[in-house]
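Asks: Mind having a look at this structure? Questions to follow.
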Amino acid sequence: MEKIILKVWGMECGHCKAAVLKALRETKGVNDVSIHLPSGETTVTYDPSVVGRDEMVVAVKGAGYEVLD
């Protein structure tokens, strides 16, 4: 397992956080997700043989939010 921190932009409330959590947790290969709402820092524990950053970004965008580089 590896960890990555994604900076997610646009989350402003608990509903926003829940949407991003759901999108990432439903991504195959993602094992755990934690989000610090004020900063947007989203820590993802994942299996790099199954999923990569690009797939995580697609999941976040699918929930309606952006990942900053």
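For the sequence shown, my numbering assigns the number -2 to the initial residue and increments by one for each residue that follows.
Glycine residues also receive a C-beta, built at the ideal position from the N, C-alpha and C atoms.
Using a 10 Å radius around the Cβ and a threshold of 16 neighbouring Cβ atoms, would you call Gly37 buried or exposed?
Replies: Buried.
Asks: What does a CB cutoff of less than 8 Å around Met53 pick up in its chain, not counting 5 residues either side in sequence?
Replies: Answer for Met53: Ile1, Leu3, Leu21, Thr24, Val27, Val41, Tyr43 and Val64, listed in chain order.
Asks: Of the choices Leu18, Pro45 and Ser46, whose alpha-carbon is the least far from that of His33?
Replies: Of the listed residues, the one whose Cα sits closest to His33 is Leu18.
Asks: Return the CA-CA distance between Cys10 and Arg50, expressed in angstroms with no decimal places.
Replies: Straight-line Cα distance between these residues: approximately 24 Å.
Asks: Looking at the unbroken alpha helix (DSSP H) that takes in Asp51, where does it start and where does it end?
Replies: Unbroken alpha helix (DSSP H) run through Asp51: Arg50 to Gly59.
Asks: Within this structure, are the beta carbons of Thr39 and Val30 separated by less than 8 Å?
Replies: Contact: yes.
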